[in-house]
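Residues in the sequence shown are numbered consecutively from 1, following our numbering. One structure is given here, and the rest of the page talks about it.
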Amino acid sequence: MTVLFDSDNSIKYGMVREIQQRVELKPISMDMMINLSWATTSISIYILYATVILHWYKSHMIQLRLKDINGLLVLAGLSLCLVKYGLELQGSLVLLLGIVVSYLQLSPVILPINNKAILITGCDRGIGKALAKYLDKAGFKVYAGCLENEGHGKQNLMNSCSPRLQTIQLDVSNESQIKTAAAIVQKDLEMSGMKLWGVINNAGIGMKLWGVINNAGICFIGNVEMMVTEDIHKILAVNYLGPVTVCKHFLPLLRESQGRIVNVASNCGLAPVPLMGPYCASKSALATMSEVWRYEFKMWKIKVCTIIPSGYKTERWWKGASKSVKENYGKDCFYIKHKLKDPDAYLNPDFTEILDNINLALLSVSPKSHYYSGLLSRALPFLYLHLPSCIGDRVMSIMVNWFDFVPKALSQQPKSCH
């Protein structure tokens, strides 16, 4: 750069050089270019996320609260400050972490109940019973399907719920009862002017940590070779064919309301658990069918969601076993014991998370395809599906090794020297 001075002024050469150095444009350093690159990355991530959130908000899929907006602005400002002071990677990571946290805290738009009617199967006890009370209290018209027509569960519901709740005799493995239940619900809806908004397939031969029990309290844990074929058919009939048949007969009512189907599956349907083969197979079939329905029923605007939640052995298995099975397994294998001294202590008696998830599946404008409840509901399927088998097999053998099960023939074999 050329600097002009009056001829009358005398400036030393060194002073001229100093002025020149101060006004010269310095070349952009590599550090500055990296700094600008990270700043651009952070801004791009933020703008992209903000655009998606605004689209969801305008589409009435989520609610935006003031604290959500303030939080995003603070995180964006903090990340850019870190970039400015040379913490480029840290700044972008802070923004990404903040976006993940804010995404998880976003509130979905909830539909009003407005006299919506719901059918729930398996309301005699457990989750079904608690869910019937929960949804009745929320204001739904609840049709509570009960296996036992005069059982304690039915009486408890009638005594503790509002007059809106109606119990129905419903064995999901009996198609005749399902047809009768559908006719009763349809007639009642026509008289009240309501529409059936949701069907919750909860009835099943359910699993607890210490075993698998059906509504009669019979435990179904064992090697498939030991099990009576009738019991294997029963598990599949209740846990898989039951929901399929219920859906088949109640689908015409759901088409009218463009409502919801909610299927209660299990993490054991997404990952194998030894000695629970038929149960795992039945829940896996239900989980897969739920996904099939999710695509098939889009044309009717019916949404389908899957819920993934986290004993006494009968003599007839031993009596019905073949001579080979008795000799190889021994009678002790027919009375399987849990390895934990008090397995019930590891169970969570609080159904709140499951009930809240089912409520979201029913009322969210854009419900998730799967709702997980509890750590194991996510951990088991994730480890099984994503770990290499050389590692996953060892991890899974520890996580699902719940029962003492040593066949007699194997316990009598001499230990190998290898």
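Positions of the beta carbon are idealized from the N, C-alpha and C atoms, including for glycine. Being a predicted model, the structure only gives us computed values, none of them experimental.
- Assignment of His60 by DSSP, reduced to helix, strand and coil, places it in the coil class.
- Within 10 angstroms of the beta-carbon of Trp293 lie 16 or more other beta-carbons, which makes it buried.
- By the Cβ test, the segment 248-255 is not in contact with the segment 356-369, since fewer than three Cβ pairs between them sit closer than 8 Å.
- When the beta-carbon positions are compared, Ile168 and Tyr143 come within less than 9 Å of each other.
- For the 9 Å CB-CB criterion, Asn115 and Ser192 form a contact.
- The C-alpha of Ala117 is placed about 28 Å away from the C-alpha of Tyr57.
- For Gly392, the CB contacts under 7 Å within the same chain, skipping 5 residues up- and downstream, are Leu383 and Tyr384 in chain order.
- The beta carbons of Lys195 and Gly128 sit no closer together than 9 Å.
- In this structure the segment 276-290 touches the segment 235-242; the number of beta carbon pairs closer than 8 Å is three or more.
- About 19 Å separates the beta carbon of Val199 from that of Val365, a gap too long to meet the 8 Å contact definition.
- Burial check for His233: the Cβ neighbour count within 10 Å stays below 16, so the residue is exposed.
- Under the three-state reduction of DSSP, Arg260 is assigned to strand.
- Between Asp136 and Leu165, the beta carbon gap of about 5 Å places them in contact (Cβ cut-off 8 Å).
- Within 10 angstroms of the beta-carbon of Tyr103 lie fewer than 16 other beta-carbons, which makes it exposed.
- For Asn201, the uninterrupted beta strand (DSSP E) segment begins and ends at Leu196 to Asn201.
- Boundaries for Thr229: no beta strand (DSSP E) harbours it, while the alpha helix (DSSP H) harbouring it runs Thr229 to Leu236, taken from the DSSP string.
- Residue Ile205 holds the alpha-carbon nearest to the alpha-carbon of Val264 among Ile205, Val101, Leu380 and Thr229.
- Within its own chain, the residues whose Cβ lies closer than 7 Å to the Cβ of Pro381, once the five positions on either side in sequence are excluded, are Asn267, Leu270 and Ala271, listed in chain order.
- Beta bridge pairing from DSSP links Gln166 with Tyr143.
- Within the model, the alpha-carbon separation for Trp197 versus Leu254 is close to 6 Å.
- By the Cβ neighbour-count rule, Gly277 is buried, with 16 or more other Cβ atoms within 10 Å of its own.
- The residue among Ser160, Pro367, Leu170 and Ser42 with its C-alpha nearest the C-alpha of Ala132 is Ser160.
- Annotation for Thr180: the continuous alpha helix (DSSP H) segment containing it runs Glu175 to Ser192.
- Secondary structure at Val292: helix, using DSSP grouped into helix, strand and coil.
- Counting along the chain, Lys137 sits inside the alpha helix (DSSP H) bounded by residues Gly126 to Ala138.
- Bridge pairing for Leu119: Tyr143 and Val199 [DSSP].
- Of all alpha-carbon atoms in His386, Val262 and Met158, the one lying nearest the alpha-carbon of Lys303 is that of Val262.
- DSSP links Ile307 through a beta bridge to Val264 and Tyr371.
- Taking 9 Å as the cut-off, the Cβ atoms of Ser290 and Leu376 do not count as close.
- Apart from sequence neighbours up to five positions away, the residues of its chain that approach Asn149 with a beta-carbon distance below 7 Å are Gln169, ordered along the chain.
- With respect to Tyr46, Ile99 sits close: the two C-beta atoms are nearer than 9 Å.
- Residues Leu363, Ser364 and Val365 of the same chain have their beta carbon placed closer than 8 Å to that of Leu111, with the five preceding and five following residues left out of the count.
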